[in-house]
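Participant: First the structure, then my questions, so here it is.
Residue numbers (this note's numbering): 252 to 402.
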């Protein structure tokens, strides 16, 4: 999986290393935490791996996130997708691009807060090839399944 994570505010890119799903029931809020473990490009010994978190998600919202990612991963042409998760306060926008040669295929997932979100965060994007996004979709599915089984 070779996915770049781009923070729009700092024009900083990072390599997505892994996606973590933590199940935290019984705290009066949605039970799932989705975190992205990433390494800033050009990271040195002083700049270590970082974590970015989505707002807490319900199981239904996590399913929508996984379905959205899977749909984008299997897109065959130039298509765009969008889904809003109002309880979490975030909007996902996906863009599948395809040019005449298959080397230029790309996938982009834009994650941004809704205007009325309880938790504001810096918008970011995940960029990768179709194969990378398919691998990411499988990892996300597996992590959600593990959290559900441990639940």
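Beta carbons are placed, not taken as given, at the ideal position from N, Cα and C, and that holds for glycine.
1) Since residue 289 sits in a beta bridge, which residues does DSSP pair it with?
2) Any C-beta of chain B sitting closer than 8 Å to the C-beta of residue 400?
3) Under 8 Å between the Cβ atoms of residue 338 and residue 312?
4) Could you name each continuous beta strand (DSSP E) segment of 3 residues or more that falls completely within the stretch 323-369, going from the start of the chain to the end?
5) Assign residue 321 to one of three DSSP states: helix, strand, or coil.
6) Using the Cα positions of residue 379 and residue 276, report the straight-line distance between them to the nearest angstrom.
Facilitator: Looking at the atomic coordinates:
1) Position 38 of the chain shown, counted from the start, is the residue given in the question as residue 289. Beta-bridge pairing links residue 289 to 267 and 301.
2) Given the protein chain composition of this structure (a single chain), no chain B is represented.
3) Here the question's residue 338 lines up with position 87 in the chain shown. Here the question's residue 312 lines up with position 61 in the chain shown. Yes, they are a contact pair.
4) 330-336, 341-348 and 357-364
5) Along the chain shown, read from residue 1 onward, the residue named residue 321 stands at position 70. In this structure, residue 321 counts as helix in the three-state DSSP scheme.
6) One-based indexing of the chain shown puts residue 379 at position 128. One-based indexing of the chain shown puts residue 276 at position 25. Those two C-alpha atoms are separated by around 32 Å.
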